[in-house]
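Written out below as structure tokens is the structure these notes cover.
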């Protein structure tokens, strides 16, 4: 396999369905970074290092100095939203960032105005938007989105586009017959089939336009056979789903640690309180269902109870999200983990994470935009499992269980980068350090 | 390199300096497992799986079915202690395990009676023991320990021995000239040099006898150039130091997770309360110093502030251990972690771990005993860095920084096992899953 | 008012609807206390002191030495349940107490066998019982319960009876016309009106028999005008409702402290996990509703937002109960309290209470049984508001707001005891200590 | 006793030794309140209500409308400090309040400039100040302070003065012979006796000038027989010691709640992290000793183990303060409370208080200034025990144990106010509500 990577020349348009708290925090952070008043903390592409070679070589370049990514200076932002607020107004309403920071980059933010969204109230009952495309068939909506992309690219003189879904969680639906082949899918769009969710229309439009598409919510979106097949066929990179932030991030950190040590777990209770629009949407049981499915599978894949019935066969896992306005975007999670050790003796771990929802999500949007663009330029088409590091519910090839362990995901990501750049993969074996020493003596 | 591994035939004597809470919990657990009334939860060698080959092959044998380890049935226990209590009495006093469990295996435990210890009150001020070898030179003490080993092996008809240090933390000392070469070291032992701590005498005696030695406390013990050199020369496996349990275990789980995501950390406060003999010993500032050095380095090695000054350059790390009798062996830790994300926004993580000190340590003793024996039979002599997974302060080759990230340590351990068994190392690259699919289409 | 208190002579029968975890823990604890293998910790009547006179007098008798209460030795236990298990069996199933403790008093517990319960599945959907009285009109059920009481009293040679409701929370209903007068109420019972819950039938039967009745669940039960009137008329003491344990106990401790200091509160989120039968019953939204109403009012009454709009006008209060089997009876609560101080600066309090549901409730059952009996012998008929100390949702005279502040409730209780015994009430004024000193100089 | 209260006419000078974080937060808050940009949350005198008469009367006037207090508009601020920064500069350095709030009242704050302090490095090793009075005898220092007061009063045209100590905790000293009588005390001041701490010199000067003196730190200061006697003789109100904020505040809220319910406590571990100047001073063991004594006595007085040996006889109480710069003034406490209930079953409470040191202390300064002035105008001289509500270690008459229970302290405070205003004291008896109802029927 040859990974001749195209240059990251010219402008990269980052288009975002859903210019709410996450997206505006992402955009404001990039703009603030450009003018030197903030740092893109949490972004692997901007701040992360990667070890190359042996430990004793001491080679730890920054990732952005190792692989050819687009520069922040070359990014142009755009998107769609059900409200007509520009990014300055939307960021102000979101109350995530200090107002004085927003004011310092007001001109840059004000000029980013959303395009009219494809929206169906049926999928998100707790939201009402007015800045939406006129009623039409779902297929025609897809064509309209494609035209939006074309125009945006032209008007902003972009070399490439990439799309990252940052809109709300849609209600729960399962894969059905119309999602199986691209023919059935297109037919269903034309017939306004209720199994076609808006996020699928965006994904379809992106793929048809050759634009990489990453999905930050737990909705199916591009995770259906028809669109996987289409992406393969048209050589477009896709990835998903559901940004891994907050409690699930902690879960995929802590659970592998317990599993590493063969400690048993018989209960894991997770409670969340948050008061932003995301919390409001998830207060609807239909939408929470979509989220719950995404959140629950995590532990099962990490603990593999079928391989370890003595340790994880009785695990009771429960996740609750509570809408709690006093906290706004300052999401807080509380986990109680019931574990058992040697001879079955019980122990408990309590984790209280006072986090910020959009602050944790924003750097993921940046990394995905840049890595998806890299993948596309490297001709890595179809599902980008190496980016599962960023997702609660990683999309994988059919029949392949996803890795949820964040550390395996990180190695996967890093070894993928080493691989496409022709560097040795790292196995952490390290026996040679001791053999060399022997010989040297 | 050829890893012809000798068979694990005959009996394995596990000798333990320090038959206190940890050691008696370990022994009782193994005996209870033998008679089927308990399970050795937390032990990788007994319950852990290892993935072999590709994910789709679905090969996850138990480690004990993959590498040739000694059987629990073949283990014989012995040790040294400053109190003359047999293991039943000592376990009863330790109040870690339910009395009815101890009573069920009372005969097995009662027959394990400690040999007289080499002990110097100067190194552990808060302990007073009477079951100790008569005053003599440190060199003669070493000879006496070697004679103990010889006799134990003969009387118990053992094929092999292994030693795991489970005694108290000694006071803080640093490497000095007399630790540099084996000649200087032996000379110093003969002169009763105060820089020779008891744990070094045990290590020396073990190595001289060709017995693998693992150190569960933070004292230097075998981590000095003279003994490393001797181990190499005599082809003996050594490893250390300081069992990784409780708070440090959580730290090496959570810190890599934060580093993985390039989240900044500017403060980490760790408080512990425990009421066992370990807590009492650590109430003496000289002994706490030894522990503190072991605990503090962990974060620095994981976060690498020199590579990541923007994220970890300002990290303030403080560790406190408080003797608190009401909790006994039920150690409890509380961590406050001050992190910052996108644009520098602060967040906090609080972790409250209600653990059990000896319950977490016991399976480590078992795994180390079995893996050290495996290493010896595989002719892997000198420092066993692949076992750093079990240590707060892993011993490494001079000039080589240890890995503290528990996930890298686990991969190192697993890939070492794969390596000596001739299996493919795992890199988590996994691009082939998608290439196969392409070709298949 | 004259409080000539009748002697506590002869036996006191304590009858309990609902011989589940709480009731059996209560009974076992009293029996264990009688034989000297346990102490009735948490019981004010057994272990509490009461200050009499001035601080300098140093008079702190035990409450049981100050007021004439029935002796533990004189208590006889009985009750009704929907399962036919005797108290030994029921306590064993409840898994609250160590089995060896139960075994030590097995004979005493085995001889307590429940009478058949009045039960209507409609009110507690998640329970199914078979040990229930044959279908009949609610009025006839009341007569049958009265006959049960008469027979129990006679067979056990009791001087007096008292009833404490320990059964499950019934589904939510509100006071309606048929609860207004005793005539309407009796008519409704005869007509099997669905607004007559089983707990009302028990309360009615008790009052008619002159037996004091205390209600440990949040159901209305005796808290309806008809039964209040009847209790007054027949000079019977009644009290309720909902034992104050766990999270609400902590809430009525902490909230008055914040109010004392005029600290503002704008959010209070309370989450509970528990895995006992109570948790199962409350997993049904209808039953949780009853509990929620009882739990939510607490903060409003303590903070009085109408008097303190600047401090508590915006308070958002949310309570969640989650059924979580791994914890069994070991209920755990987690509270996040958002407060603000000087100039409005925000602060947070997190409280994690690892409690035991039945262990906290059992001493309340004992105290209520003894104090209700005392009230009856003191001719304090009708609502016993001075016992609001024990209830989440204290029953008060119509139009009178309950005190929820546990400290005011305690003073009320203590001053009531002082009052009926002819001692000075305590006001904590204490200026005289300083005036005496002046004069003495 | 007649409490003819003098009018609060004219200006009240509030003088503060120690214009650091607490004092400047207090002053800024009052100034911000005056111009309407903040509210004095946490201040009982400004926001607290007091119930008068029966519950059904519904009389809850604000305290400031009930007793004649000085108005905020009539307060003039002054003080002494070892640094010459004005209050605007000092508040800016303290980093407690948002800079924009300070800027809004900059002119008012800038004009408050400290007088030179009486300071002795020996008592506070971790502080170095330069803005201090020239070396002289301690007696002459007292005279200089008295002259400062006289001049301040004259220049600011004050009707009355009051002093509230807000400076650092001094090193631990105990009462000795020279503290017994005023003659010995004055003699010792002239001889520069090392047992005369600076805070005593301030207290002496205040009392001699007829200025009420309240002590917010745990140093002895006015809590010595000589100064108590002098205050009595000169009819001056004094009070102390150590503002009750943060963890101890929570402790005196929660402990009475546990005691109320006769729940046993066998362990209470309290850890604090804070990074302000107070934390730095307490990092010196001599100064921490003073604080520790103040903090430890609290539980003993509330639980009265001598009265309740079965519940509190084995209580192990430990308090730790850790200097942790990342948190600045945002003090955080973590408490682990080991309790036991019915039959001795153990339970645990964990409290994590994310507070702000100065935000909690500032309203106490205000209340003490106003209440001490009220006491002085009411001719309540000597120790004001009714203000023990505000102190960790309330000063009381010799031989009289302090009340630490915050709820008894509150009743004491409120009943004192009712008493001096001629209102009925409240006992919470409330039986009449039910008797009236009986008669009315």
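Protein chains in written order, with this note's numbering: chain A, 495 to 935; chain B, 495 to 935; chain C, 495 to 935; chain D, 495 to 935. Ideal placement from N, C-alpha and C gives every residue a C-beta, glycine not left out.
Which residues DSSP lists as bridging residue i, in chain order
i                      : result
residue 574 of chain B : B:511 and B:609
residue 762 of chain B : B:811 and B:831
residue 654 of chain A : A:506
residue 734 of chain B : B:709
residue 826 of chain D : D:767 and D:848
residue 541 of chain C : According to DSSP, residue 541 of chain C bridges with nothing at all.
residue 556 of chain A : A:543
residue 569 of chain D : D:506
residue 617 of chain B : Note: residue 617 of chain B sits in no beta bridge, so no partner.
residue 626 of chain D : D:611
residue 817 of chain C : C:768
Per-residue burial, residue i [other beta carbons within 10 Å of its own, 16 or more giving buried]
i                      : result
residue 899 of chain A : buried
residue 918 of chain C : exposed
residue 857 of chain B : buried
residue 644 of chain D : exposed
residue 738 of chain B : buried
residue 670 of chain B : exposed
residue 565 of chain B : exposed
Practice item. Give a yes or no on contact between the segment 538–549 of chain B and the segment 577–591 of chain B, applying the rule of three or more CB pairs nearer than 8 angstroms. Key: With a cut-off of 8 angstroms, the segment 577–591 of chain B and the segment 538–549 of chain B do not count as touching, because too few Cβ pairs lie within range.
Exercise for review: Determine which residues of the segment 840–874 of chain C have a Cβ less than 7 angstroms from any Cβ of chain D, and write them out in chain order.
Suggested key: Residues 841, 842, 843, 844, 845, 846, 847, 848, 849, 850, 853, 854, 856 and 857.
Exercise for review: Give a yes or no on contact between the segment 526–543 of chain D and the segment 825–842 of chain C, applying the rule of three or more CB pairs nearer than 8 angstroms.
Suggested key: Counting C-beta pairs with one atom in each stretch, the segment 526–543 of chain D and the segment 825–842 of chain C have three or more that are closer than 8 angstroms, which means they touch.
Check your understanding: For the 8 angstroms Cβ check, are there 3 or more pairs between the segment 596–609 of chain D and the segment 681–691 of chain D?
Key -> No: the two stretches stay apart, fewer than three of their Cβ pairs being nearer than 8 angstroms.
Review point. How about the segment 663–673 of chain B and the segment 778–798 of chain B: do they share at least three Cβ pairs that are nearer than 8 angstroms?
Key: Yes, the segment 663–673 of chain B touches the segment 778–798 of chain B.
Point to revise | Complete alpha helix (DSSP H) runs within the segment 759–803 of chain C (minimum length 4 residues, chain order) | key: Scanning the segment 759–803 of chain C from its first residue to its last, the whole alpha helix (DSSP H) runs of 4-plus residues come out as 771–776 and 779–797.
Review point. Which of the residues in the segment 761–779 of chain A, read from start to end, lie with their CB under 8 angstroms from any CB of chain C?
Key: Cβ contacts with chain C come from 761, 763, 765 and 767.
Practice item. Would you mind listing the beta strand (DSSP E) stretches within the segment 839–895 of chain C that are 3+ residues and don't spill past its ends, in chain order? Key: As summarised for the segment 839–895 of chain C, the continuous beta strand (DSSP E) elements at least 3 residues long and confined to that stretch are 840–848, given in chain order.
Practice item. Check whether the segment 616–625 of chain B touches the segment 694–707 of chain B, counting contact only when three or more Cβ pairs, one atom from each stretch, lie closer than 8 angstroms. Key: No, they do not touch.
Exercise for review: Could you please tell me which residues of the segment 501–518 of chain B, in chain order, have their CB closer than 7 angstroms to any CB of chain A?
Suggested key: Result list empty, no residue passes.
Review point. Three or more C-beta pairs closer than 8 angstroms, one from the segment 847–864 of chain D and one from the segment 708–718 of chain C: is that the case here?
Key: Fewer than three Cβ pairs drawn from the segment 847–864 of chain D and the segment 708–718 of chain C lie within less than 8 angstroms of each other, which leaves the two stretches out of contact.
Point to revise | Where the segment 819–840 of chain A meets chain C: residues whose CB sits under 8 angstroms from a CB there | key: Answer set for the segment 819–840 of chain A: 819, 820, 821, 826, 828, 830 and 832.
Practice item. Check each residue of the segment 885–904 of chain D: if its Cβ is closer than 9 angstroms to any Cβ of chain C, include it; give the result in chain order. Key: Against chain C - using a Cβ distance shorter than 9 angstroms - the residues of the segment 885–904 of chain D are 890, 891, 892, 893, 894, 895, 897, 899, 900, 901, 902, 903 and 904.
Practice item. Specify whether the segment 908–923 of chain B and the segment 549–561 of chain B touch according to this definition: at least 3 beta carbon pairs, one from each stretch, less than 8 angstroms apart. Key: These segments touch.
Point to revise | Proximal residues, the segment 796–812 of chain C versus chain A, C-beta separation under 7 angstroms | key: Close to chain A, meaning a Cβ-Cβ distance shorter than 7 angstroms, are the following residues of the segment 796–812 of chain C: 810 and 812.
Review point. Considering only residues of the segment 644–699 of chain D, which uninterrupted beta strand (DSSP E) runs meet the minimum length of 3 residues and lie entirely inside it, listed in chain order?
Key: Qualifying beta strand (DSSP E) stretches, in chain order: 652–659.
Exercise for review: Spell out a yes or no on whether the segment 507–518 of chain A and the segment 570–580 of chain A are touching, meaning 3 or more CB-CB pairs, one atom from each, closer than 8 angstroms.
Suggested key: In this structure the segment 507–518 of chain A lies against the segment 570–580 of chain A, because at least three pairs of beta carbons, one per stretch, are closer than 8 angstroms.
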